[in-house]
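Numbering (our numbering), first residue to last: 4 to 455. We put the beta carbon where it would ideally sit given N, CA and C, even for glycine. Scroll down for the structure; my scribbles are underneath it.
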Amino acid sequence: MESLIDLQRTFFSSNATKDIQFRIGQLKKLKKILKANEDRLHEAIYADFKKSAFENSMSELAPLYQEINEACKKVEKWAKTKKVKTNVANFPASSYVIPEPLGVVLVIGAWNYPYLLSLAPVISAIAAGNTVVLKPSELPANTSYIMAELINENFDASFFKVIEGGIPETTELLEQEFDKIFFTGSPKVGKIVYRAAAKNLTPVTLELGGKSPAIFSENCNLKMGVKRLIWSKFLNAGQICIAPDYVLVHKSRKSEFLKSALAEIEKSDFSIENGNYVQIINKRNTERLINLLDTDKIYYGGDYNLENRYIAPTLMTEISFEDEIMEEEIFGPILPIIEYDDLDNVISQIKTRPKPLACYVFSNDKPTTNKILREISFGGGAVNDALMHFSNNNLPFGGVGQSGMGAYHGKFGFRTFSHYKSILDKPTGFELNLKYSPHTKSKEKWITRMLK
Ligand code: NAD
Numbered sequence: 004m005e006s007l008i009d010l011q012r013t014f015f016s017s018n019a020t021k022d023i024q025f026r027i028g029q030l031k032k033l034k035k036i037l038k039a040n041e042d043r044l045h046e047a048i049y050a051d052f053k054k055s056a057f058e059n060s061m062s063e064l065a066p067l068y069q070e071i072n073e074a075c076k077k078v079e080k081w082a083k084t085k086k087v088k089t090n091v092a093n094f095p096a097s098s099y100v101i102p103e104p105l106g107v108v109l110v111i112g113a114w115n116y117p118y119l120l121s122l123a124p125v126i127s128a129i130a131a132g133n134t135v136v137l138k139p140s141e142l143p144a145n146t147s148y149i150m151a152e153l154i155n156e157n158f159d160a161s162f163f164k165v166i167e168g169g170i171p172e173t174t175e176l177l178e179q180e181f182d183k184i185f186f187t188g189s190p191k192v193g194k195i196v197y198r199a200a201a202k203n204l205t206p207v208t209l210e211l212g213g214k215s216p217a218i219f220s221e222n223c224n225l226k227m228g229v230k231r232l233i234w235s236k237f238l239n240a241g242q243i244c245i246a247p248d249y250v251l252v253h254k255s256r257k258s259e260f261l262k263s264a265l266a267e268i269e270k271s272d273f274s275i276e277n278g279n280y281v282q283i284i285n286k287r288n289t290e291r292l293i294n295l296l297d298t299d300k301i302y303y304g305g306d307y308n309l310e311n312r313y314i315a316p317t318l319m320t321e322i323s324f325e326d327e328i329m330e331e332e333i334f335g336p337i338l339p340i341i342e343y344d345d346l347d348n349v350i351s352q353i354k355t356r357p358k359p360l361a362c363y364v365f366s367n368d369k370p371t372t373n374k375i376l377r378e379i380s381f382g383g384g385a386v387n388d389a390l391m392h393f394s395n396n397n398l399p400f401g402g403v404g405q406s407g408m409g410a411y412h413g414k415f416g417f418r419t420f421s422h423y424k425s426i427l428d429k430p431t432g433f434e435l436n437l438k439y440s441p442h443t444k445s446k447e448k449w450i451t452r453m454l455k
């Protein structure tokens, strides 16, 4: 690994990646490879957790193509030196900011969207002019393998290399000195990454998780809200960092909510056989989720099959913040529903817990929506929808506090992998001499007048 990092550092020092056309060429090549191998990419993810080709195209490959297309179109603009104003004290001069790549970058991916969460940060890193080492999650072994094969066969290791592996390999990688580490995964491992990066003062972006609430207020459009909520909760069997983790519903709408949610689930045909649902990633996670099923509180669902790694879409009711299921991020197809009657109380309950990655407000009352958006701190979210903010590249995607630091997508990804070098540029023909000694009274008078 040490020699790989040396190799990439040497290549980075050659300045080849500073050329915008080189970056665009590499991004187009990546897109071409993905396009040419779509069938194999579908097969690999199906073998890992039975994700269908439809879902793989919609939620993994299409966002990657969108990210590449946007970067190719806009990278020249993003990478341009930007002129800024100069203050009076520096007269006469011009000032500008030069975006520059950070260098050799490590990207560590999570398993739940193995292609998207590995390659989207890579696209931003390449657009910004870095070299990349990618370590995908080892849990979906087939997707990890195919990414390694396609990338390592088609790209020079001095520019872009995939290293497969689990904890030992990641630990070894984290012992190397990188110029940037971009990590997607759990807050627990995020702390390990942050600690390792601190040894070399390496900047990090941490895309972590948390318990993201969905709040249904008294005056929401319940039918539309429930339709969007059920889709976003059970897509990928709830294994999404920004999936609504739990619902807070006003008590006046609770029974209507439950009826609507049940009808929506039945209508949706969440079956693996029909390609509308996926398996839980492994047995360990299936067991963890089974242990969260409290039979006394199941309103709908609750069926499971450990061998097939299947958990049915499940609604749990009569839940309070004290229940076990409210302790940690669920990351599976179980939706606890808490009824409330006092919004202030709900807000203060959320605020005593770690800051969530997402928060969803279902309400047609502006003051209620604004109150929630203003008073609760969270990474990002949506009003009367869920998940879809992820797909808008004009919105920076990232967490806050325990749900992460830094952001990416579109130009925000470019920024994440860039340093903005500030330059004050002075002509040599003239000097205002005020700062030089001797420090006379008249100079002091001028300085005070200029800087008042
Ligand atoms: P994880 O933290 O277990 O693993 C993430 C990566 O870290 C993997 O590549 C894994 O190999 C590596 N890793 C695991 N243990 C390690 C260790 N001890 N030392 C070094 N490296 C280690 O996370 P996961 O199970 O892949 O994903 C689930 C979590 O990720 C959830 O908390 C979820 O919310 C979060 N997540 C966040 C986002 C986001 O964009 N914010 C996206 C997806 C998932």
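Nearest to residue i (by Cα), restricted to the options the options
i: P139; options: Y197, A128 and V110; result: V110
i: T89; options: A385, S425 and H442; result: S425
i: S406; options: T187, Q29 and V125; result: T187
i: E330; options: S215, G305, F393 and H45; result: S215
i: F381; options: N367, A199, I350 and S366; result: I350
i: Y118; options: Y148, I129 and N157; result: Y148
i: Y99; options: D428, W449, S445 and G432; result: D428
i: G112; options: I322, A130, K80 and A151; result: A151
i: V87; options: Y423, L437 and K444; result: Y423
i: E175; options: I379, L7 and P430; result: L7
i: K226; options: Q352, L37, D345 and L261; result: L261
Three-state secondary structure (DSSP) of residue i
i: E330; result: coil
i: C362; result: strand
i: A82; result: coil
i: I101; result: strand
i: R453; result: The sequence as given places Met at residue 453; Arg does not occur at that position. The answer is helix: DSSP assigns M453 an H, G or I state.
i: I337; result: strand
i: L435; result: coil
i: L251; result: strand
i: M150; result: helix
i: D22; result: coil
i: K236; result: helix
i: S421; result: strand
i: K88; result: coil
i: K429; result: coil
i: I243; result: coil
i: T134; result: strand
Exposure of residue i, with buried meaning 16 or more beta-carbon neighbours within 10 Å
i: Y439; result: exposed
i: N133; result: buried
i: S274; result: exposed
i: G241; result: buried
i: V108; result: buried
i: I3; result: Any question about residue 3 goes unanswered here, given that the chain covers just 4 to 455.
i: K414; result: buried
i: L204; result: exposed
i: A92; result: exposed
i: P336; result: buried
i: A65; result: exposed
i: K471; result: As shown, the chain starts at 4 and ends at 455. That puts residue 471 outside it, with no answer to give.
i: D299; result: exposed
i: T443; result: exposed
i: K164; result: buried
i: M61; result: exposed
| field | Every unbroken beta strand (DSSP E) within the region 152-233, with a cutoff of 3 residues, ordered by chain | value | 163-165, 183-187, 207-210 and 216-219
| said: Strictly closer than 6 angstroms from CB to any heavy atom of the ligand NAD: give me those residues in the order they appear in the chain. | reply: I111, G112, A113, W114, N115, L120, K138, S140, E141, G169, I170, T173, T174, T187, G188, S189, V192, I195, E210, L211, G212, C244, E332, F334, L360, G402 and G407
| query | Which full runs of the alpha helix (DSSP H) of 4+ residues lie inside the region 342-413, going along the chain? | reply | 346-354 and 369-378
| task | Starting from the N-terminal side, write out each stretch of the alpha helix (DSSP H) that is 4 residues or longer and does not extend beyond the region 250-322. | result | 257-271 and 286-293
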